[in-house]
Amino acid sequence: MEKIVKKLESKGIRPTAMRLMTYRRLAQLNVAVSLGDLGKDFESSERSTLFRTMKTFEEKGIVHQIEDGTGIIKYALCEDNCECEVGNDLHLHFHCNSCGETVCLTEHKIPQINLPDGYVAEDINLVAKGVCEKCSNDLD
């Protein structure tokens with residue numbers, strides 16, 4: 001828990017009980033999760049508290065949003081030293097059509113995209129869809 005406290009404090013986030021529990025749960029899941037699904041793990045807390053926690057985490061670079069084509073925004077922990085900016089630290093995401101999980105493939109970086117003059121990218125989201133390793137092994 002001390003490691004999580006230091007991580008949050010290094011980003012200028014006060015380590016409240018909810019923030020510590022949320023960070024720990026995101027780290028345990030190791031997949032992108034929707035706010036609704038995450039809320040099921042914290043039934044005794046206010047939904048608005050969890051929403052504010054995730055917004056704070058996003059603003060401070062602890063998590064990033066993923067739009068995986070399901071129509072539901074999901075969140076995943078950022079890597080250490082991530083800046084989550086266009087041109088920096090952007091990576092591929094994979095959505096499994098079988099189990100529905102979305103994962104960050106952080107080792108597969110999105111290359112710099114040169115847009116025509118006058119165009120300014122504010123966000124880049126690259127999602128590959130198919131069958132994940134776990135589900136493809138189940139098919140064998």
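Residues 1 to 140 (the UniProt record's numbering) make up the sequence shown, in order.
The beta-carbon is built from N, C-alpha and C at its ideal position, and this holds for glycine as well.
Judging by CA-CA distance, which residue of the options is the nearest neighbour of residue i?
i, options, result
"E46", "I62, E67, T22 and E58", "T22"
"I124", "S98, N137, S136 and I110", "I110"
"P15", "R25, A32, Q28 and M1", "M1"
"E133", "D80, I66 and F94", "F94"
I need the DSSP call for residue i, collapsed to helix, strand or coil.
i, result
"T49", "helix"
"K3", "helix"
"T70", "coil"
"A17", "helix"
"G36", "helix"
Can you name, in chain order, every residue of its own chain whose Cβ lies under 8 Å from the Cβ of residue i, other than the five neighbours on each side?
i, result
"G12", "K60"
"L50", "M18, T22, L35, L38, G39 and F42"
Does the Cβ of residue i have 16 or more other Cβ atoms within 10 Å, making it buried, or fewer, making it exposed?
i, result
"A121", "exposed"
"C104", "buried"
"F57", "buried"
"C96", "buried"
"I113", "exposed"
"C78", "buried"
With a threshold of 6 Å on Cβ separation, who are the neighbours of residue i within its own chain once the five nearest residues in sequence on each side are excluded?
i, result
"R25", "D41"
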